[in-house]
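**Student:**
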Amino acid sequence: MESYHSACILQVETMHDFEAANTDELDLKKGDVVLVIPTATAEDQDAGWLTGIKESDWLQQGDSASKGLFPENFTQRLA
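All residue numbers for the sequence shown refer to the UniProt record's numbering, where the first residue is 1 and numbers rise by one.
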């Protein structure tokens with residue numbers, strides 16, 4: 001299995017808090033850095049959702065850290 005970090009396609013920073021409404025979503029706070037990984041379904045990505053893992057969780061838990069969906073418009077890309 002490929003690690004989340006090597007599968008990361010970009011990094012984003014959260015500009016607004018986001019409270020997960022479903023178990024497949026990430027809870028995010030303003031300033032969180034998220035490693036974006038390929039989204040399993042094109043429908044989610046087309047609807048403005050990305051799949052990712054919080055970088056802080058990945059640094060602490062490695063590939064056992066939880067991944068989830070979050071709204072792309074709550075984030076900005078990091079260089």
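Glycine residues also receive a C-beta, built at the ideal position from the N, C-alpha and C atoms. A quick note: this is a predicted structure, and the numbers were derived from the prediction, not measured.
What separation, rounded to the nearest whole angstrom, lies between the Cα atoms of residue 76 and residue 41?
**Tutor:** 22 Å
**Student:** Tell me, to the nearest whole angstrom, how far the beta carbon of residue 33 is from that of residue 53; I am working on the premise that it is less than 8 Å.
**Tutor:** Residue 33 to residue 53, Cβ: 10 Å. No contact.
**Student:** So what does residue 13 bridge to, in DSSP terms?
**Tutor:** Residue 13 has 33, 76 as its beta-bridge partners, per DSSP.
**Student:** In whole angstroms, what separates the C-alpha of residue 56 from that of residue 62?
**Tutor:** In this structure, the alpha-carbon of residue 56 lies about 10 Å from that of residue 62.
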